[in-house]
Amino acid sequence: MKNLEKRNQKIIDAIIEKANKVCPGSLALIGIYGSFLTGDIYEKSDLDLLVLINDDRGWQLSCCFIQDDLQVGHDIYCTTWESLKNDALYNDPNISKLMDSKIVYCADKKYMEKLEALRKKVNDILLLPFSGEDYIKAEKLFKEAEHYYIKAMTAEEMSDIWIQAGCAVYYLENAIAMLNKKYFRYGSKRVYEELETMENKPQKLCVMIEEVLSANSAEAVKNRLTTLIQETARSFKKAENNIPVQKEPVTADKLKGTYEEMYSNWYNKMFASAESSNRHLAFMSMLSMNAMISEIGREVEINDYDVFGGYEPQNLQAAAIAYDDVINSYLAEYKKANIQVCHYPDIDEFVRDYLDKI
Numbered sequence: 506m507k508n509l510e511k512r513n514q515k516i517i518d519a520i521i522e523k524a525n526k527v528c529p530g531s532l533a534l535i536g537i538y539g540s541f542l543t544g545d546i547y548e549k550s551d552l553d554l555l556v557l558i559n560d561d562r563g564w565q566l567s568c569c570f571i572q573d574d575l576q577v578g579h580d581i582y583c584t585t586w587e588s589l590k591n592d593a594l595y596n597d598p599n600i601s602k603l604m605d606s607k608i609v610y611c612a613d614k615k616y617m618e619k620l621e622a623l624r625k626k627v628n629d630i631l632l633l634p635f636s637g638e639d640y641i642k643a644e645k646l647f648k649e650a651e652h653y654y655i656k657a658m659t660a661e662e663m664s665d666i667w668i669q670a671g672c673a674v675y676y677l678e679n680a681i682a683m684l685n686k687k688y689f690r691y692g693s694k695r696v697y698e699e700l701e702t703m704e705n706k707p708q709k710l711c712v713m714i715e716e717v718l719s720a721n722s723a724e725a726v727k728n729r730l731t732t733l734i735q736e737t738a739r740s741f742k743k744a745e746n747n748i749p750v751q752k753e754p755v756t757a758d759k760l761k762g763t764y765e766e767m768y769s770n771w772y773n774k775m776f777a778s779a780e781s782s783n784r785h786l787a788f789m790s791m792l793s794m795n796a797m798i799s800e801i802g803r804e805v806e807i808n809d810y811d812v813f814g815g816y817e818p819q820n821l822q823a824a825a826i827a828y829d830d831v832i833n834s835y836l837a838e839y840k841k842a843n844i845q846v847c848h849y850p851d852i853d854e855f856v857r858d859y860l861d862k863i
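My numbering puts the sequence shown at residues 506 to 863.
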C-alpha cells in the first residue's frame, strides 16, 4: 500500500511540475477518485485522477502509459470545467468524479469554491422529491436500453448480439440509478452492490442481468434480455404512476374542435377501410386517433379511451363500429365543458355563418 501511495504521489507531482513548465495557469486542481478513494484497491490498481484544466493548453497534461514493473496501465485524462458543468445537470448517474473526488492539489481557492458550487448544485437536485422531470431523465436512458435491445434482437452474429445486449444492460443500469435519483460511487466492480440498495427496480434485477451475461446461446441472450427489459418497463410504469400530475380541467378553450377534428380525420376512413378491406388504413387511422387522445390526456383531465380495444384485424367493420363507439364516448368531454358540436346542414350555411363572424 505504501509503495502504491508513493507511486501515486510521484504521478501527481509530475503532473503539477509539467503544468508549471508547459502550461502555467492551466491546471486548476487534481483530485483522486475510484478505487484509491473507495478502498477497493489491489496490487494492480491504477490511479484515477480528476485533472481539471482551465484552458486548451492543459490538454498537454494528458498521457496514457503502461508501468512495466507492476504491469499496470495508467490513463491521465484531463477534464474541463464545461464537462463538470454538464455533470452537474445530473443527466446520468456517472458523476462520481465530480461529486466524490478527494482534492489533493488546488492552484487557487477560487477553483475549490467553483467545484463546491457545482457539487452543491447536484446535491440540491438529489434532495428534491422525485418529479416528472426526473422521470424524463431516467426514461431517456431506458429508451437507449430499448434501442440496443432491438438491435440485439435483430442481430445475427453472436459477437454483435453480445455487443448490443451489453449496451442495453449498461443503459438499463444507468436508467435504474436515475429512477432512484442516485449516482454510482464505486465503479463497475460494485455495480450490483449499489443497484441492490435501490428501491425502485425489478425484483432480482441483478440476477436477471447476470443471467443475460451468462447465457450460452443467441436464443438465451435474447430471451433473458427480453425478460429484463419487460421487468424494468414495469418498474418504470409503476414509478410514472406515482408521480403527482397536475392536469388542466376540462374547459371549452382546451377541447373545442377536437371532436370535429377526430370526425374529420378518421371517421369516414374507418368505414371506407372496412368496405375496401384496407387493413393498413384502418390501423393507421386508429393509431393516429390514439395519439391525439393521448396528447390531450397528458394535459387535460379527460377519461381513459381504449382506441385499440375494438380493433379486429379480420373484421374491419367491427373495428369501424368500435371506433364509432370511442368517438361517441368522447362527446362526454364536450358535455363536461359545455361545448356544442359544430354542425351545419350544408356548406352554404357554413359559409354564411363563417363570413358573419368576420
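Beta carbons: idealized from backbone N, C-alpha and C, even for Gly.
Item, Value
"Identity of the residues DSSP links to residue 607 by a beta bridge", "537"
"Buried/exposed call for residue 634, threshold 16 Cβ in 10 Å", "exposed"
"Spatial distance of residue 604 from residue 648 (CA atoms)", "26 Å"
"Member of 660, 534, 746 and 832 whose CA lies at the smallest distance from the CA of residue 765", "832"
"Where the beta strand (DSSP E) containing residue 578 begins and where it ends", "577-581"
"DSSP bridge partner residues for residue 584 (one or two, in chain order)", "557"
"Range covered by the alpha helix (DSSP H) that runs through residue 641", "637-659"
"Nearest-angstrom Cβ-Cβ length linking residue 661 and residue 707, presumed shorter than 8 Å", "That belief does not hold up - the Cβ atoms of residue 661 and residue 707 are roughly 28 Å apart, past 8 Å."
"Limits of the beta strand (DSSP E) - the one that residue 569 falls within", "568-572"
"Buried or exposed (CB count within 10 angstroms, at least 16 for buried), residue 598", "buried"
"Nearest neighbour of residue 551, chosen from 843, 542, 557 and 559 [CA to CA]", "542"
"Cβ contact check for the segment 821-837 and the segment 848-863: 3 or more pairs under 8 Å", "no"
"Terminal residues of the alpha helix (DSSP H) in which residue 773 lies", "773-781"
"Nearest residue (CA-CA) to residue 651, options 675, 538 and 528", "675"
"Cutoff 7 Å; reference residue 817; Cβ partners in own chain excluding five residues on either side", "823 and 824"
"Cutoff 6 Å; reference residue 821; Cβ partners in own chain excluding five residues on either side", "778, 779 and 787"
"Nearest-angstrom Cβ-Cβ length linking residue 589 and residue 623, presumed shorter than 8 Å", "6 Å"
"Residue of 657, 515 and 638 minimising C-alpha distance to residue 731", "657"
"Sequence-distant residues of its chain with Cβ nearer than 8 Å to residue 578 (five each side left out)", "551, 569, 570, 571 and 572"
"Under the three-state DSSP convention, the category residue 877 falls into", "Given a span of 506 to 863 for the chain in the structure shown, any question on residue 877 remains unanswerable."
"Assigned secondary structure, residue 696 (DSSP; H/G/I helix, E/B strand, else coil)", "helix"
"Which listed residue (715, 642, 689 and 753) has its alpha carbon closest to that of residue 804", "753"
"Residue 544 to residue 612 span [Cα, whole Å]", "26 Å"
"Extent of the continuous alpha helix (DSSP H) to which residue 785 belongs", "784-804"
"Rounded C-alpha distance that separates residue 743 from residue 701", "18 Å"
"Cβ neighbours of residue 642 in the same chain (closer than 7 Å, five flanking residues each side left out)", "596 and 683"
"Beta-carbon proximity list for residue 716, same chain, < 6 Å, skipping 5 on both sides", "729"
"Where residue 817 sits in the DSSP three-state scheme", "coil"
"Straight-line gap, residue 514 to residue 525 (C-alpha atoms, nearest Å)", "17 Å"
"Unbroken stretches of the beta strand (DSSP E), 3 residues or longer, contained in the segment 710-782", "none"
"Residue of 548, 561 and 517 minimising C-alpha distance to residue 528", "561"
"Residue 698 burial status per 10 Å Cβ neighbour count (16 or more: buried)", "exposed"
"Sequence-distant residues of its chain with Cβ nearer than 6 Å to residue 814 (five each side left out)", "none"
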